[in-house]
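**Student:**
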Amino acid sequence: MTAYSLLDLVPVVEGGTVPQALTNAADLARHAEALGFTRFWVAEHHGMKGIASAATSVVIGHIAAATKTMRIGAGGIMLPNHAPLVIAEQFGTLDALFPGRIDLGLGRAPGSDQRVAHAIRRTLDSDPNGFVRDIVELQSYFADDGRTGISATPGAGADVPLYILGSSLYGAQVAALLGLPYAFASHFAPQMLDEALHVYRNNFKPSAMLNRPYVMAAMNIIAADSDDEAEYLASSIQQSFVALRTGNPRQMQPPVEGYKASLPPHIGAMLDELLSCSAIGSVEAVKRGVAQFINRTQADEIIVACSMFDHAQRKRSLSLTAEAFATLSR
Numbered sequence: 156m157t158a159y160s161l162l163d164l165v166p167v168v169e170g171g172t173v174p175q176a177l178t179n180a181a182d183l184a185r186h187a188e189a190l191g192f193t194r195f196w197v198a199e200h201h202g203m204k205g206i207a208s209a210a211t212s213v214v215i216g217h218i219a220a221a222t223k224t225m226r227i228g229a230g231g232i233m234l235p236n237h238a239p240l241v242i243a244e245q246f247g248t249l250d251a252l253f254p255g256r257i258d259l260g261l262g263r264a265p266g267s268d269q270r271v272a273h274a275i276r277r278t279l280d281s282d283p284n285g286f287v288r289d290i291v292e293l294q295s296y297f298a299d300d301g302r303t304g305i306s307a308t309p310g311a312g313a314d315v316p317l318y319i320l321g322s323s324l325y326g327a328q329v330a331a332l333l334g335l336p337y338a339f340a341s342h343f344a345p346q347m348l349d350e351a352l353h354v355y356r357n358n359f360k361p362s363a364m365l366n367r368p369y370v371m372a373a374m375n376i377i378a379a380d381s382d383d384e385a386e387y388l389a390s391s392i393q394q395s396f397v398a399l400r401t402g403n404p405r406q407m408q409p410p411v412e413g414y415k416a417s418l419p420p421h422i423g424a425m426l427d428e429l430l431s432c433s434a435i436g437s438v439e440a441v442k443r444g445v446a447q448f449i450n451r452t453q454a455d456e457i458i459v460a461c462s463m464f465d466h467a468q469r470k471r472s473l474s475l476t477a478e479a480f481a482t483l484s485r
């Protein structure tokens, strides 16, 4: 059976607040846990009015405290924004508080535009090998092997598995080189999905953590009681993608009837490409879409992205999604 997990951007909806978004994230995690989702990840983004997960490690602690058994983690931490020692300390603390439940996915994108990235990092000077070097340094802190000459407290000896995130061939190469699980962001950048998975699997080198490739692939799933209702609810995330790609990111908007049909052809085509790894519809439609995606990717785990305007409808969507996965396993 293919495992299924959830990625949450902790959306701040139009007319909503950050406290409300954080409360909803904890409630959504409890719901996902009850439905059998394997893990619940939040992602690091900065300078975006519609995303409340910028302080990612803090949000992970909030969600872990609201749940009991499900793995909670970052999908991911944008490592170039941080000193590896600081991340080792943050996630070492999380592991001490919630032992055996914390994941650490790592990416190299800024999670923002260049102006915001400069505000975070102070300098955008970078070494092409810096990402790999930082991962190895982070591994050293967790292993407490003395290679850095520093013992991370907390962090030394922490049981925090690492995952490499990516939307290009670079992340696939890094994950293969280091023998780590690889998660592809096909829910918003599907263009290189097939090639990246091929590169990862063909170049994978076994490590102390992993003896064979482990693929996680993300897809958007919006489920409802009917195909028409799901298409209507999906218009909120469609609006978010269009706003982001046209340089006007904002809070998540309420659904709009006939939104996609109202777009200029070139914007509609862009949206179709961005959301090509999606399943939108009733349980049967979602089941078909997920089965096709699993057949295409042979993924070990599907990461479900399910951003919606209404919290109750989002929980309903997750319930129907879990039902679809359960019927696939029979």
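485 is the number that our numbering gives the last residue of the sequence shown; the numbers go up by one with no jumps.
A virtual CB, placed ideally from N, CA and C, is assigned to each residue, including glycine.
In this text, all values refer to a predicted model and were calculated from it rather than measured experimentally.
How big is the Cα-Cα spacing for Glu350 and Ala372?
**Tutor:** Those two C-alpha atoms are separated by around 13 Å.
**Student:** Taking the straight line between their C-alpha atoms, what separation do you get for Arg405 and Asp163?
**Tutor:** Distance between the alpha carbons of Arg405 and Asp163 is about 17 Å.
**Student:** Between His466 and Arg302, what straight-line distance do the alpha-carbon atoms span, to the nearest angstrom?
**Tutor:** Answer to the nearest angstrom: the Cα atoms are 47 Å apart.
**Student:** Quick check: the region 443–451 against the region 356–369, are there 3 or more CB pairs under 8 Å?
**Tutor:** No, the region 443–451 does not touch the region 356–369.
**Student:** Measure from the alpha carbon of Arg367 to the alpha carbon of each residue in Leu332, Ala243 and Met374, then state which is nearest.
**Tutor:** The residue with the shortest Cα to Cα distance from Arg367 is Leu332.
**Student:** Taking DSSP's pairing of strands, which residues face Phe195 in a bridge?
**Tutor:** In DSSP, Phe195 forms a bridge with Leu161 and Ile227.
**Student:** If you check the beta carbons only, do Asp314 and Asp250 fall under 8 Å apart?
**Tutor:** Closer than 8 Å, so yes.
**Student:** Only counting the same chain, and skipping five residues up and downstream in sequence, which positions put a Cβ closer than 7 Å to that of Met425?
**Tutor:** Closer than 7 Å at Cβ, skipping near neighbours: Arg400.
**Student:** Report the three-state DSSP secondary structure of Ile305 (helix, strand or coil).
**Tutor:** Reduced to three states, the DSSP call for Ile305 is coil.
**Student:** Taking C-beta to C-beta, are Asp380 and Ala440 nearer than 8 Å?
**Tutor:** In this structure, Ala440 does not lie closer than 8 Å to Asp380 by Cβ.
**Student:** For the alpha helix (DSSP H) that Phe246 lies in, which residues bound it at each end?
**Tutor:** Run containing Phe246: Pro239 to Leu252, per the alpha helix (DSSP H) assignment.
**Student:** In three-state DSSP terms, what is Glu169?
**Tutor:** If DSSP states are grouped into helix, strand and coil, Glu169 belongs with coil.
**Student:** Can you tell me which residues form a DSSP beta bridge with Ser391?
**Tutor:** Answer by DSSP bridge pairing: none, since Ser391 is not bridged.
**Student:** Sort His273, Ala274 and Ile319 by Cα distance to Ala294 and report the nearest one.
**Tutor:** It is worth fixing the name first, because residue 294 is Gln in this sequence and not Ala. Measuring from the Cα of Gln294, the nearest candidate turns out to be Ile319.
**Student:** Under the rule that 16 or more other beta-carbon atoms within 10 Å means buried, what is Arg263, buried or exposed?
**Tutor:** By the 10 Å Cβ count, Arg263 comes out buried.
**Student:** Could you tell me if Met156 is buried or exposed, where buried requires 16 or more neighbouring beta carbons within 10 angstroms of its beta carbon?
**Tutor:** Exposed is the call here.
**Student:** Should Ser391 and Phe343 be called a contact, given that it needs their Cβ atoms to be closer than 8 Å?
**Tutor:** Their beta carbons are not under 8 Å apart, which means Ser391 does not touch Phe343 by this criterion.
**Student:** Between the alpha carbons of Lys415 and Ser431, how many angstroms are there, rounded?
**Tutor:** Distance between the alpha carbons of Lys415 and Ser431: 14 Å.
**Student:** Verify whether the separation of the beta carbon atoms of Glu244 and Pro174 is less than 8 Å.
**Tutor:** It is not a contact, given that the beta carbons lie outside the stated cut-off.
**Student:** Cβ of Leu388 within 8 Å of Cβ of Ile376?
**Tutor:** Result no, Cβ atoms of Leu388 and Ile376 do not sit closer than 8 Å.
**Student:** Give the list of continuous alpha helix (DSSP H) stretches no shorter than 4 residues that lie fully inside the region 436–483.
**Tutor:** Segments of the alpha helix (DSSP H) lying fully in the region 436–483: 438–452 and 466–483.
**Student:** Alpha carbon to alpha carbon, how far is Asn236 from Asp270? Give it in angstroms, no decimals.
**Tutor:** In the sequence under discussion, the amino acid at residue 270 is Arg, which differs from the Asp named in the question. Their Cα atoms are separated by approximately 13 Å.
**Student:** Grab me the residues of Ser229's own chain with a C-beta within less than 6 Å of its C-beta, minus the 5 sequence neighbours each way, in chain order.
**Tutor:** Correcting the residue type first, residue 229 is Ala in the shown sequence and not Ser. If we look at Ala229 and ignore the five residues flanking it on each side, its Cβ neighbours are Thr211, Leu259 and Gly260.
**Student:** With Phe286 as the anchor, note down where its beta strand (DSSP E) starts and where it stops.
**Tutor:** From DSSP, Phe286 is part of no beta strand (DSSP E) but of the alpha helix (DSSP H) over Gly285 to Ala298.
**Student:** To the nearest angstrom, how far is the alpha carbon of Gln408 from that of Ala385?
**Tutor:** So the two alpha carbons sit approximately 15 Å from each other.
**Student:** Distance check for Asp300 and Tyr325, CA to CA, integer angstroms please.
**Tutor:** Taking the straight line from one Cα to the other gives about 27 Å.
**Student:** Work out the CA separation of Arg185 and Thr224 for me, nearest whole Å.
**Tutor:** Each residue's Cα considered, the two are about 10 Å apart.
**Student:** For the candidate residues Arg256, Pro166 and Pro410, whose alpha-carbon lies nearest to that of Glu188?
**Tutor:** Of the candidates Arg256, Pro166 and Pro410, the one whose C-alpha sits nearest the C-alpha of Glu188 is Arg256.
**Student:** Give every residue of the same chain whose Cβ lies closer than 7 Å to the Cβ of Ala207, excluding the five residues on either side of it in the sequence, and list them in chain order.
**Tutor:** Result list for Ala207: Val165, Val167, Val173, Ala176 and Leu177, in chain order.
**Student:** What are the partner residues of Tyr318, as DSSP defines its beta bridges?
**Tutor:** Answer by DSSP bridge pairing, in chain order: Gly260.
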